[in-house]
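Peer 1:
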Amino acid sequence: MRPGILRRVSVARRVLCALSVVALVLSATACSLWDDEPTPQDVARQFLAALAGGDSATAAGHTDAADSARPLLDDVRKVLKPASLTANVDSVEHTDGASTARAKVTLNWDLGRNRRWQYPSELELRTVSDVWKVRWAPTALHPKLAAQQTIAVRDVEPELAPVLDRDGGPLLSPDRVVSVVLDPAKAGDVPKVAGALASAIGRFDPSITQQSIVDSVNAKPGQPYQVVSLRDTDYQQVKPHIYELPGVRFSAARRLLATDRALAPQLLPGIRKIVEEQVAGKSGWRVVTLNSAGAEVEELHAQQPEPARAVSATLSRSVQAAAEGAIDPHATPAMLVAIQPSSGEVLAVAQNPAADAQGALALTGRYPPGSTFKIVTGVAALEAGTVTADTPQPCPGTTTIGGRLIPNNNRAELGVVPLRQAFAASCNTTFAKLAEGLGPDALTAAARKLGVGVDFVMPGITTVTGSVPPATNVVERAEDGFGQGKVLASPFGMAVAVSSVASGAMPKPTLLRGTPTTANVTPEPVPGHVLEAMRSMMRDVVVSPSGTGGAVARFDGAHGKTGTAQFGDGTHSHGWFVGFRGDLALAVLVTDAGSSAPATDAAAKFLGALG
C-alpha cells in the first residue's frame, strides 16, 4: 500500500472512532435526560402536594387544563376552609410505553372542629408533548363530583333537648316553628296586608290586629317586622291565606314547644329559654355536591349530630293540673304554688287567666300576707322563749297599741286561751301583742329563717319571696305581727315558708334537676322544738273546733293557716291559705276575695284532686 493511502485510512479511522464516541456520549446523555423526566407517580404526588398546600396555581399546572382546574380548586378550598389536607398516592398503574396511567390516592381533609373527611379516589394521567399531566376533571377532587358542580359543607344542628316532667312525661318537645315577617318596603299597601294577616293569625293571638301590625311597622320605618311565630300545625292552617301576600316572607326553625299550650305558662317559657341557651348537643355536618344553581345534588359524607340529653324538670303534670283546676274558676287573679318540702322541688305554679294577664304574680307578686304571717310571728315568739304553744294568752276583741286600735275579725273575743287556740282562731290582738314584745328585727330574722326575704337565684324562673323590714316603731311592729303592716310576701315565698316548717329547714327551691339554686343568705335553722310546736299549731287550725281551716280537715295530716289581708283603703281583702300535707306544701292566694274562704276552698279542691 502506498504511504499516502495508509495515512488517509488512519485519519478516517480516527474520525470514525471519534464520531462513534460522540454518538455513544450523545446516546448516553439522551438516555440520562429521558430518565429525569417526571414519572406518572411523580406528577400525581406533585399535584397532590400542591393541592394539600393550598397552591391551586401549581396544582392546576400539573393538569392538562390549568385554566379549567384552578377556579374549581380555589372554590373548593374557599368553601371547605381546611385546617389541613393530607393526600397520598397509594399505587400507580402504568404499562411501559403507554401514554396513560391511573393513580389510586387517598385524601384526608381536616375541616376543623374535630371534623375529618377521608376517602379514596383516582387520578387519570396522560402524556402531553411527552410530559405527564393529570387529566383534569372534577373527579380529580372527588369521584362523585361532576362537571358544573362544586362542594359545600353543611352544619347539622342537633335536636333540642326535650324537657320532661318529674315522672318522665314530655313538657316541652322540639317542633317546627314558622316566623311570619312583613317587609313594608315590598308590601305595597301595608294596611291592607296587615289586615289580611290579622284576619288569618288573630285566631291564635287576639292581640294581633291590623292596627297593632301597622303601629309596629311604623315604629321602625322601613324595617321588616316579625308579626308572629307559629307552630307548624297552625301555620299550615293559615298558609293558604297568607303565603301569597306581598311583602310577607317566612322562615322556619326548630324550637321547644309546650306539649300542652295551657300548661304552666308562667314556668315553661323560662325553662325553654335556659334549655335552648345552655343545653346543647353536638352538631353534625354533611359534605354535599351543589349544582350551578346552588341546589344539593348528592351527599358525599355525613356525621350525624348527637342530640342534647333530655332535661328533667321538677314540675309534676298531675299536681300542676290539680292546681290549675282549683284556681281557674275564680274571677279575680288567683294563684297556687306547690313545693316538695323535703327537696325544695317546685311541683306546680298555677295562675288563672286573670292573674296571667298581669304577669308572674305567683312568683314575683308582693302582697300583704295577712294572718298567714302569724306563722312567722309565732316562730319568733316561740324561739324567744316568751311563750310555748300552750301558754295562756289574752284574745280580746280589740286592743290598742301605741294609739292604734287593732280588732279581730268581727271583733271576736275568746278571753284567755292557750296560744295554739289563739293561732287556730286567728286572733289579731294576740299576735299584735306578741310582736309588740319582740325586738325590732325579730320578725325579720324569723321570716328569713323560713325563707321570706331570701333572694333565690333559680335557673329557669325569677322569684321574689317578700320583704320584712325591721320595725322600730311599736305600732308598725304590732301591725306586722298579723301581716297587715309593711310586710309583703309572694305566694312562692309563703310556699317556701311552710316548706321550711314542714321539713325542719329552709329548702333551696329548684325547678330544673341538675341546676342548683343559690341564695343570697344561708340563715340559721329554726330550732327543732319551735318548728314542732308550730306544726302542732298549724294542725289545730285545721282540726280544732275554733280553727279557721276546717275546709281541709277531711284530708289526713293536713296542716294550714288561713289569712285575710286588707289592702287599699281597707275595704277590700285578699284571701290566703298556706299549709302542708305529707311532703307537699302549698300557698294559695285569691286576690280581692273578701275573706280567706275562697282560698281555703281552692286548697281543698286542690288536695281533693290529688287524692
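The sequence shown runs -30 to -1, 1 to 581 under mature numbering (1 follows the signal peptide of the UniProt record, and there is no 0). We put the beta carbon where it would ideally sit given N, CA and C, even for glycine.
Along the beta strand (DSSP E) that carries Asp60, what are the first and last residues, could you check?
Peer 2: Ser54 to Glu63
Peer 1: Buried or exposed for Asp450, please, with buried defined as at least 16 other CB atoms from any protein chain shown within 10 angstroms of its CB.
Peer 2: By the neighbour-count definition (other C-beta atoms within 10 Å, threshold 16), Asp450 is a buried residue.
Peer 1: Please report the distance separating the alpha-carbon of Thr(-2) from that of Ser99.
Peer 2: Here Thr(-2) scores only 39 on pLDDT, less than 50, and its place in the model should not be relied on; the value that follows carries that caveat. Approximately 20 Å, taken between the alpha carbons.
Peer 1: Taking its Cβ as the centre, do 16 or more other Cβ atoms sit within 10 Å of Tyr213, making it buried, or is it exposed?
Peer 2: exposed
Peer 1: Looking only at DSSP bridge pairs, what is Lys531 linked to?
Peer 2: Val548
Peer 1: Go ahead and pull the three-state DSSP assignment for Gly455.
Peer 2: If DSSP states are grouped into helix, strand and coil, Gly455 belongs with coil.
Peer 1: I want to see whether chain D comes within less than 8 Å of His544, judged by CB atoms only; does it?
Peer 2: Any reference to chain D falls outside this structure, which holds one protein chain only.
Peer 1: Taking three-plus beta-carbon pairs below 8 Å as touching, is the stretch 335 to 353 in contact with the stretch 497 to 507?
Peer 2: yes
Peer 1: Secondary structure at Ile431, three-state DSSP: helix, strand or coil?
Peer 2: strand
Peer 1: With DSSP run on the structure shown, which of helix, strand or coil describes Glu449?
Peer 2: helix
Peer 1: Candidates Asp510, Gly430, Ala19 and Val150: which alpha carbon is nearest Ile178's?
Peer 2: Val150
Peer 1: Taking all protein chains shown into account, do 16 or more other C-beta atoms lie within 10 angstroms of the C-beta of Thr561, making it buried, or fewer, making it exposed?
Peer 2: Residue burial annotation: Thr561 is buried, with at least 16 other C-beta atoms found within 10 angstroms of its C-beta.
Peer 1: Figure out for me which residue from Gly264, Lys156, Asp125 and Val289 has the closest Cα to the Cα of Gln119.
Peer 2: Gly264
Peer 1: At a cut-off of 7 Å, would you count Gly67 as near the ligand ATP, judging by its Cβ distance to the nearest heavy atom?
Peer 2: What this structure holds is no ligand at all, so the ligand ATP is not there to describe.
Peer 1: Identify the continuous beta strand (DSSP E) that holds Leu95 and give its terminal residues.
Peer 2: Arg86 to Val98
Peer 1: Here's the rule I'm using: 16 or more other beta-carbon atoms within 10 Å means buried, otherwise exposed. How should Thr432 be labelled?
Peer 2: exposed
Peer 1: Closer than 8 Å by C-beta to Gly192: which residues in its own chain qualify, once you throw out the five before and the five after it? Chain order, please.
Peer 2: Pro154 and Ala155
Peer 1: So Ala412 and Ile376 are in contact, right, with Cβ under 8 Å, and what is the actual spacing, rounded?
Peer 2: With a Cβ gap of about 18 Å, Ala412 and Ile376 do not count as contacting.
Peer 1: Among Ile244, Asp44 and Val434, which has the Cα closest to the Cα of Leu333?
Peer 2: Among Ile244, Asp44 and Val434, the Cα nearest to that of Leu333 belongs to Val434.
Peer 1: If you draw a straight line from the C-alpha of Ile171 to the C-alpha of Ser221, how long is it?
Peer 2: 16 Å
Peer 1: Tell me where the beta strand (DSSP E) around Asn188 begins and ends.
Peer 2: Asn188 -> not in any beta strand (DSSP E); alpha helix (DSSP H) instead, spanning Gln180 to Ala189.
Peer 1: At the level of alpha carbons, what is the spacing between Leu458 and Arg336?
Peer 2: 5 Å
Peer 1: Buried or exposed, going by whether 16 or more other CB atoms sit within 10 Å of the CB of Arg83?
Peer 2: exposed
Peer 1: Tell whether a beta-carbon distance below 8 Å holds between residue 646 and Ser470.
Peer 2: Look at the range of the chain in this structure, -30 to 581, and you will see that residue 646 is not part of it.
Peer 1: For Ser69, does the three-state DSSP call read helix, strand or coil?
Peer 2: coil
Peer 1: Please classify Leu352: does DSSP put it in a helix, a strand, or coil?
Peer 2: DSSP places Leu352 in helix when its eight states are reduced to three.
Peer 1: Look up Asp377 in the DSSP assignment and say whether it is helix, strand or coil.
Peer 2: Asp is not the amino acid found at residue 377; the sequence shown has Pro there. In this structure, Pro377 counts as strand in the three-state DSSP scheme.
Peer 1: Please name the residue or residues paired with Cys365 in a DSSP beta bridge.
Peer 2: Gly385
Peer 1: Give me the Cα-Cα distance between Pro239 and Glu246, rounded to the nearest whole angstrom.
Peer 2: 11 Å
Peer 1: Given a threshold of 16 other Cβ atoms within 10 Å of its Cβ, counted over all protein chains shown, does Asp510 qualify as buried or as exposed?
Peer 2: buried
Peer 1: What residues in its chain sit with their C-beta under 7 Å from that of Arg40, if we drop five residues either side in the sequence?
Peer 2: Ser26, Ala27 and Ala30
Peer 1: Would you report the Cα separation of Lys252 and Gly455, rounded to the nearest angstrom?
Peer 2: 54 Å
Peer 1: Taking only the alpha-carbon atoms, compute the straight-line gap between Ala53 and Arg256 and give it to the nearest angstrom.
Peer 2: The straight-line gap from Cα to Cα measures roughly 17 Å.
Peer 1: Measure the C-alpha to C-alpha separation of Asp125 and Leu50 and round it to an integer number of angstroms.
Peer 2: Roughly 12 Å separates the two Cα atoms.
Peer 1: Do the stretch 476 to 486 and the stretch 356 to 365 touch if we need at least three Cβ pairs shorter than 8 Å?
Peer 2: no
Peer 1: Measuring only the C-alpha atoms, how far is Gly409 from Asp185?
Peer 2: 56 Å
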